[in-house]
Structures are given as structure tokens and as C-alpha cells.
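First up is the structure itself, then whatever we jot down about it.
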Amino acid sequence: MTLQEPTRPGISNKARELMEGINTDAGKDNIWVRTQMNAPSQRAWFADPSGTGTKGTGRVAIGQLKSAPCRWRWKEYKGYLDRLSRIAAEADVPPIEFADRQSILLTNPGLGGRLQVTNTIRCAISIYNPGDIAPAHVHSPNASRTILSAKGGYTNVEGERCEATRGDIILTPNGTWHDHGNEDKEPVIWIDMLDWPLMEFLDCAWVDQEFKPGIGSNQKSQATIQTNGYSEALYGNGGLVPTFVSHQRGWGHEPAPYIHFRGDQIRSALERLRKEAGDPHEGIQMQLVNPVTGKPVFLTLNYQAQLLRPGEETQLKRETCGTFHVVIEGKGKTEIGGQTYDWEPNDIFVVPNFVWRKHINTGTSDAIIYTVSDSTLLRSIGQYRAQGKDKAGKVIQLVQ
Ligand SMILES: [Fe+2]
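Residue numbers (my numbering): 16 to 415.
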């Protein structure tokens, strides 16, 4: 006799009703009686070549959330930042005094209003008026700033003053003290990205803004111990790492000590490689790494930058990680789960896990896109997988 999937007789509504009856009684004891198969939100890749995603609807999966493709246009979200900035400029008490930040937070329509853009990533977009200061603090989530303004105020990380300009990425690894401000004449805007939702899920998110050794009384900001460009001088030398300093920053485990990646350096690194064939699914792409370990900058999030040449169209790809994109330069469109989203500079979009996507540069100049995903986390727990399609539409296992 061969083993076969047991044939299921018609499901008895009577039996189901009786089962739910037990549940009515058992609920008050925090017990639930299983009435059907677990209903995950994803189908197996080998059974779901379309990759448009499937959400479980069963009782076990009740309340289960699945991130959705989403795009936020600069010309739409900028208006809210301008309104915040105006209120702040005219208020007797600026919002930064009672809200700590002047930010908008992006929500994913698939995630029930939670303050997160993917399963693990939170994104805020902040505007700092001249004179604004976000006081020094430290937290367990890893965070970063991607600077959108031409000049981007400053972030002080563990005493290193980082003066930012457009396209820079400034890291505040978990456990590092940091404060922000704007001493320029115009408001500055940047994107904050954090693995906060993951830390919340694990119930290990914490913040401290009360105590900082050496900060001085009545001071909101850390004293500058190292001037602008310190981490770049130490670590921004292409494979050369200094031997005479500690690489430790703050309280974190393996904190990335190269904390200030310059936009123009990222741009020129991509530019130097633009004549290479690149990756059929990503174009010319580079990864931001911790120069001491060679690993991604955070143990959770992976930061990458990619260049797509005019007319370049990538092949379809899907991954088990969710990916957040920021358009730094250029014009194009991305197909996500069969839907097309066009984009231009400062637009932001999310490609959820398990969904096919491809990018097309429709402009006449290069496009530069920064991405952040939780692929680092997924790799470390043995759950990172990726598939691509070739030109004929055949599925290729990229990472099994
Ligand atoms: Fe922070």
C-alpha cells in the first residue's frame, strides 16, 4: 500500500460547532482547542510560482499580519513635514520639546496601523528646524539616518560629531549614545530606520535618556570628543583597519565603528563599477559592511546601495526578507507582485518578503537606490532564501 494524502470527508459543521463550543468555555482559562490546520501567511515556494503572496485566514492565523507593497512619494509626504516645521517655527513650545522629535512615521497598509514598514523595520522621516536639538539618548534597537537635505544637520555618536550631507548614511548601532541637531539656517530632513519592531516583538526594546557619563549638567548634547570625519579617517580606507584603537562603541555587541558613510563615496564606488556586468537581479550593487568583521553593519539589518544604468531592467527576484527602498537619484519604476510603482528622487517603497519584483531605470541618467532589509537576521537563523527568474521566465534558486 502506498502512502497517500488521506481523503477528507466533508467537514462536519456540527463537529465544528461543538469544537467551537469547547472554545467558548476554554477561552476564559487561556486555552484554545485546535479546530483546523495552522494557517501560515505564505505558501511554499515550490507550490507558489506566481509569488503574489497568500494570507492565512484560519483561526490559528487570526490576527496574523502580512506586509504589503507600498510607496510613499516625496511630493506627498514632504507636505506633512513642511506643516510640522511651520507649527514648530511658530509655536510657543516647539513640538520637539514635548514629542522629542518632529517626525512622520510610515505605516504599512498590511500591518494594521502598526508603526512599521516591514515585519522588522520602522521608518520615521524627521525635520529639524534651525536650533532644534534631539537630546542625547541610547537604545537597544539599531538605527540609522539617511540624509535627504543638501546639508543635513549633525548627529553626535559616542562623542563623534557627524556633519551630514545628502546621501550620507549615519549609523547609531545598538547601545551607542547619540544626539541630533541642526545649526544651519534651513530645516533639514532625513530618514530614520530602525529594527525597533523586531526588538519590541522580542520584548528587549529599551531606551535611556537620563544618564550619560561626561555629558555635563544641563546639557542636552554630548560633548564633541572626535571631530567630523573621525570614523572615516579610521575605517574609510578600502580594506585598511587601524591597529591602535578599540573598535568598541558604546554598549553594543559588534557595533559597526565606521558610523558615517558619505553619499559621495557611495556614489563614486558605484560609479567606478558601472561598466561591469553587475547582477542581473540587482544591477551594480554594493553592501555596507562593518570593516572590522566584514559582516553587514548590523546583526539584524543589511544596508546596500545600487546603481541602475539608463534603460537597465533587472530580472525578477524574490526573497524571504522584506526590503525598504529609498531613491537617491534617477527615475524609474518597480514591479512588485505584478503591480507597477514609478519613482523619482526621495520616493520610498517597500517590497514585502516572498513577492516577485524587478526594477527598471526609465530615465536618461543613472538611478541610485539605497535598500535596507532584514536579510542579515534571516541568514543568521537559517531562513534567508532567494529566487530569481531568467529572461525566459525560468525560476532559478539563488539562495536555497
Ligand atoms: Fe535614537
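Even glycine gets a Cβ: it sits at the ideal position worked out from N, Cα and C.
Asked	Found
Between the Cα of Asn123 and the Cα atoms of Ala139, Asp405, Pro257, which residue gives the shortest distance?	Ala139
Going by C-alpha to C-alpha distance, which of Pro212, Trp211, Glu178 sits closest to Asn416?	A question about residue 416 goes unanswered here, because the residues of the chain that appear run from 16 up to 415.
For the putative contact between Glu344 and Ala292, defined by C-beta atoms under 8 Å, what is the C-beta separation to the nearest angstrom?	Contact flag wrong, Cβ pair sits at about 21 Å.
Here's the rule: buried if 16 or more other CB atoms are within 10 angstroms of the residue's CB, otherwise exposed. What is Glu225?	exposed
Helix, strand or coil: which one does DSSP assign to Pro311?	strand
Taking 7 Å as the limit between beta carbons, can you name the residues of its chain near Gln19, skipping five residues before and five after?	Note on Gln19: pLDDT 39, under 50, position unreliable in the model; the coordinate value appears next. Once the five neighbours on either side are set aside, Gln19 has no close Cβ partner at all.
How many angstroms separate the CA atom of Asp279 from the CA atom of Ile184?	11 Å
Report yes if the C-beta distance between Gly378 and Lys346 is below 7 Å; otherwise report no.	yes
Skipping 5 residues on each side, what residues in its chain have a beta carbon closer than 6 Å to that of Glu297?	Gln321
What residue does the alpha helix (DSSP H) around Gln280 start on, and which one ends it?	278-287
With burial defined as no fewer than 16 other Cβ atoms inside 10 Å of the residue's Cβ, what is the status of Arg49: buried or exposed?	exposed
When you compare each of Asn144, Lys70, Ala76, Gly66 to Ile102 by their alpha carbons, which one comes out closest?	Asn144
Can you name, in chain order, every residue of its own chain whose Cβ lies under 7 Å from the Cβ of Leu96, other than the five neighbours on each side?	Ile119, Ile140, Ile142, Ile204
So what does DSSP say about Phe113, is it helix, strand or coil?	helix
Which stretch, first to last residue, makes up the beta strand (DSSP E) that contains Asp199?	No beta strand (DSSP E) contains Asp199, which DSSP labels as neither H nor E.
Considering only the beta carbon of each residue, do Gly397 and Asn134 sit closer than 7 Å?	no
Since Val342 and Trp358 are thought to touch, with beta carbons under 8 Å apart, how far apart are those beta carbons, to the nearest angstrom?	5 Å
Pick from Pro360, Ser390, Ile411: whose alpha carbon is nearest that of Glu91?	Pro360
Classify Val365 as buried or exposed, calling it buried when 16 or more other Cβ atoms lie within 10 Å of its own Cβ.	buried
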